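Q: For the sequence shown, my numbering begins at 118 and goes up steadily by one.
All C-beta atoms, glycine included, are put in the ideal place defined by N, C-alpha and C.
Note that this is a predicted model, so its numbers are computed, not measured.
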Amino acid sequence: MRRFHKLVIIIISAVILDSCQKTEVADFQDKAVVEAYLFANQTPVVKVSKLIPFSGSASFSDMDIDKLSLQITEKSTGNIFVLTSIGEGRYKNESLNVKTGDTYSVTFPYNGDIVDAATTVPEKPQKVKATPTSVTVSQPGEIGGEPGGMPGRPTNILITWENSEKSYYLIVVQNMETSPVAIYDEEEEDDRPSMSFRSEPTQADSCKINSMTFQYYGRHRVMVNKIQPEYALLYSNNSNSSQSLTEIHANVTNGFGIFTAINSDTLFVRVLKP
118 MRRFHKLVII IISAVILDSC QKTEVADFQD KAVVEAYLFA NQTPVVKVSK LIPFSGSASF
178 SDMDIDKLSL QITEKSTGNI FVLTSIGEGR YKNESLNVKT GDTYSVTFPY NGDIVDAATT
238 VPEKPQKVKA TPTSVTVSQP GEIGGEPGGM PGRPTNILIT WENSEKSYYL IVVQNMETSP
298 VAIYDEEEED DRPSMSFRSE PTQADSCKIN SMTFQYYGRH RVMVNKIQPE YALLYSNNSN
358 SSQSLTEIHA NVTNGFGIFT AINSDTLFVR VLKP
């Protein structure tokens, strides 16, 4: 599960990394970029980086991203966890185990300001279900040459969960096979499709996965992630405009980026050959 959480972090953090860490020199300020995803029952890693201008002529402070003084405070106990650098701007404290329902805040000085952010760990998704738990998909050239489900069989998998509070959810799907067989063969190895995909954040209580979305046969892990509004906001801002990170406001004061918490439930589905 820890490995899959790392995959989820890679997938959802792509929103931030995609064309968002550069800013015009005329508007440039040396601010810290924070990136942290707190999973329930896990030890979080906080990454700090410098905002990168388009031009190399901008002036940076002498702040070393591997020598910052980060700390995380746990609201329920008042405990303060001093984070230790593990290189490349990443910080952690093995004594910190994130608790469901608790609120965590991170603070550290940077270039004359105090950077801070806070987030609350949501409850685990409830009543998560997949209907059906398998779908049959044909390859191109089979059954009339069109990919899709077998006649009389469902062509979609419906993922449902309880969401009476209209919270935000994000679905991440990953193929779990060690030697996955592609549904749509590619001649070049570099052209092989990704083994994972995600939905957009939603406040609904279901997500329909069309059978044609799957790229591989076999067992797939579906993670239903309950996320906080700050991540949904960041995703929306970056997906719907050409804003740079300097124009996107998530939940970091005196800095940029995101400090957010996630809780999740996992189930499995299968994509079968005819």
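1. Assuming Gly335 and Asn292 are in contact, meaning their beta carbons sit under 8 Å apart, how far apart are those beta carbons, in whole angstroms?
2. Over the uninterrupted beta strand (DSSP E) stretch that includes Ile231, give me the two end residues.
3. Taking a contact to mean a Cβ-Cβ separation below 8 Å, would you say Leu287 touches Asn342 in this structure?
4. Using alpha carbons as the reference points, say which of Phe376, Ala321, Val232 and His337 lies closest to Ser311.
5. Could you tell me which residues DSSP pairs with Tyr154 in its beta bridges?
6. Leaving out five residues before and five after Phe225 in sequence, what residues of the same chain have Cβ atoms less than 6 Å from its Cβ?
7. Could you check which residue in Thr217, Thr253 and Leu351 has the C-alpha nearest to that of Asn327?
8. Is Glu191 helix, strand or coil when you go by DSSP?
9. Quick test of your reading: Asn210 and Thr201, contact by CB under 8 Å. State the CB separation rounded to the nearest angstrom.
10. When you compare only the Cα positions, how much space is there between Arg315 and Val165?
11. Quick one: what does DSSP say Ser281 is sitting in, helix, strand or coil?
12. Phe198 lies in the beta strand (DSSP E); which residues open and close that run?
13. In its own chain, which residues sit with a C-beta less than 6 Å from the C-beta of Thr190, not counting the 5 before and 5 after it?
14. Would you kindly report the start and end of the unbroken beta strand (DSSP E) that includes Lys164?
15. Classify Ile203 as buried or exposed, calling it buried when 16 or more other Cβ atoms lie within 10 Å of its own Cβ.
16. Taking DSSP as the reference, what is the three-state secondary structure of Ser323?
17. Got a sec, what are the start and stop residues for the beta strand (DSSP E) Ile182 sits in?
18. Taking the alpha-carbon positions, what's the Ser296 to Met340 distance?
19. Please work out which residues of its chain come closer than 8 Å, Cβ to Cβ, to Leu151, disregarding the five sequence neighbours upstream and downstream, and give them in chain order.
20. Going by the CB atoms, is the gap between Pro239 and Ala378 shorter than 8 Å?
21. Can you have a look at Leu275 and say buried or exposed, based on whether 16 or more other CB atoms are within 10 angstroms of its CB?
22. Please confirm whether Gln345 and Thr220 have their CB atoms less than 8 Å apart.
23. With a cut-off of 8 Å on the beta carbons, I'd call Lys241 and Asp382 a contact; round off their distance for me.
24. Give the range of the beta strand (DSSP E) segment to which Val252 is assigned.
25. Kindly indicate which residue of Met180, Asp179 and Leu168 has the alpha-carbon position closest to the one of Gln146.
26. Just reading off the beta strand (DSSP E) that Met340 is part of, what are its end residues?
27. What are the start and end residues of the beta strand (DSSP E) that includes Arg207?
A: Walking through what the data contain:
1. About 6 Å separates the two Cβ atoms, so the contact holds.
2. It spans Asp230 to Thr237 - the beta strand (DSSP E) in which Ile231 sits, taken as one unbroken run.
3. Taking 8 Å as the Cβ cut-off, Leu287 and Asn342 qualify as a contacting pair.
4. Minimum Cα distance to Ser311 is reached at His337.
5. BP columns for Tyr154 point to Thr377.
6. Once the five neighbours on either side are set aside, the close Cβ partners of Phe225 are Leu185, Ser186, Leu187 and Val232.
7. Closest by alpha carbon: Thr253.
8. In this structure, Glu191 counts as strand in the three-state DSSP scheme.
9. Approximately 6 Å separates the beta-carbon atoms of Asn210 and Thr201; this is inside 8 Å, confirming the contact.
10. Distance from the CA atom of Arg315 to the CA atom of Val165, rounded to whole angstroms, is 25 Å.
11. Looking at Ser281 - three-state DSSP - the assignment turns out to be coil, as it is neither helix nor strand.
12. Unbroken beta strand (DSSP E) run through Phe198: Ile197 to Val199.
13. These residues qualify, in order along the chain: Ile197 and Ser222.
14. Per DSSP, the continuous beta strand (DSSP E) segment holding Lys164 begins and ends at Val163 to Lys167.
15. Looking at its Cβ environment, which holds fewer than 16 other Cβ atoms inside 10 Å, Ile203 is exposed.
16. If DSSP states are grouped into helix, strand and coil, Ser323 belongs with the strands.
17. Under the DSSP assignment, Ile182 falls outside any beta strand (DSSP E); it carries neither an H nor an E label.
18. Ser296 and Met340: Cα-Cα distance of roughly 21 Å.
19. The displayed chain sequence assigns Val, not Leu, to residue 151. Here the set comprises Val163, Lys164, Val165, Val223, Val232, Ala234, Val369, Gly372, Phe373, Gly374, Ile375 and Phe376.
20. Result yes, Cβ atoms of Ala378 and Pro239 sit closer than 8 Å.
21. Burial check for Leu275: the Cβ neighbour count within 10 Å stays below 16, so the residue is exposed.
22. Contact flag unset, no.
23. Right, the Cβ-Cβ distance comes to about 6 Å (below 8 Å), so this counts as a contact.
24. Where Val252 is concerned, the enclosing beta strand (DSSP E) stretches over Ser251 to Thr253.
25. For Gln146, the nearest C-alpha among the options comes from Leu168.
26. Note, Met340: beta strand (DSSP E), Gly335 to Ile344.
27. Per DSSP, Arg207 belongs to the beta strand (DSSP E) from Arg207 to Lys209.
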